[in-house]
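Student:
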Amino acid sequence: MDDTLKETLRTIRDALDAQRPVLLPLRQMPKPPLGWIATVRSALGMSQNVLANRLQVAKQRVSQLEAREITGETTLAQMRDAADALGCDFIYAFVPRMPLEETVSRRAYALARKELAAVERSMQLEDQETPLNDQRIRDYATRCISERDLWRDER
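To convert, count from 1 in the sequence shown and add 4; that's our numbering.
1. Once the 5 residues before and after residue 65 are set aside, which same chain residues still bring their CB inside 7 Å of it?
2. Going by CA-CA distance only, name the one from 51, 28, 16, 135 that's closest to residue 100.
3. Which of the three DSSP states, helix, strand or coil, is assigned to residue 107?
4. Do residue 86 and residue 59 have their C-beta atoms within less than 8 Å of each other?
5. How close, in whole Å, do the beta carbons of residue 120 and residue 136 come, if the pair is a contact with beta carbons under 8 Å?
6. Check the C-beta distance from residue 149 over to residue 112 and give it rounded, since I have them as a contact under 8 Å.
7. Comparing C-alpha positions only, which one of 156, 158, 114, 157 sits nearest to residue 144?
8. So for residue 144, helix, strand or coil by DSSP?
9. Can you tell which of 157, 151, 156 has the C-alpha that lies nearest to the C-alpha of residue 9?
Shown next as structure tokens:
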């Protein structure tokens with residue numbers, strides 16, 4: 005992988021990681037038991053008929069939409085349209101459990117450790133073993149593990 009692509013990927017990860025602190029609190033926000041559509045609609049004092057008119061669909065479709073949101077069967081487009089009709093913004097985001105840069109580093113370390121352990125076994129058989137320590141693994145990960153290869157064993 006050339007250095008330009010590697011830097012581009014790092015820049016993308018850094019940009020996403022910079023947004024992570026703002027997004028983390030959203031993970032703690034509980035989903036309303038009746039779903040967002042029904043909850044916001046009710047909080048506004050809006051009937052299903054009014055929402056149906058705003059969405060230009062039959063009232064029955066609003067009932068179905070609210071039920072499908074709870075079961076996870078709505079599309080992003082349906083959620084976006086419903087949010088707009090309710091005067092809301094629909095937010096869709098992936099919130100990394102750990103910084104993406106850390107995920108990549110951990111993955112590279114794990115692959116390096118696995119590859120070096122295989123070499124180490126061969127070296128032991130030949131009485132030429134060298135200690136497998138943290139610094140050696142990190143050096144190998146930096147020098148020899150390409151970002152393109154990080155997920156190769158999961159193909």
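Cβ coordinates follow ideal geometry from the N, Cα and C atoms, glycine included.
Tutor: The structure says:
1. 56
2. 28
3. helix
4. Contact: yes.
5. 6 Å
6. 4 Å
7. For residue 144, the nearest C-alpha among the options comes from 114.
8. helix
9. 151
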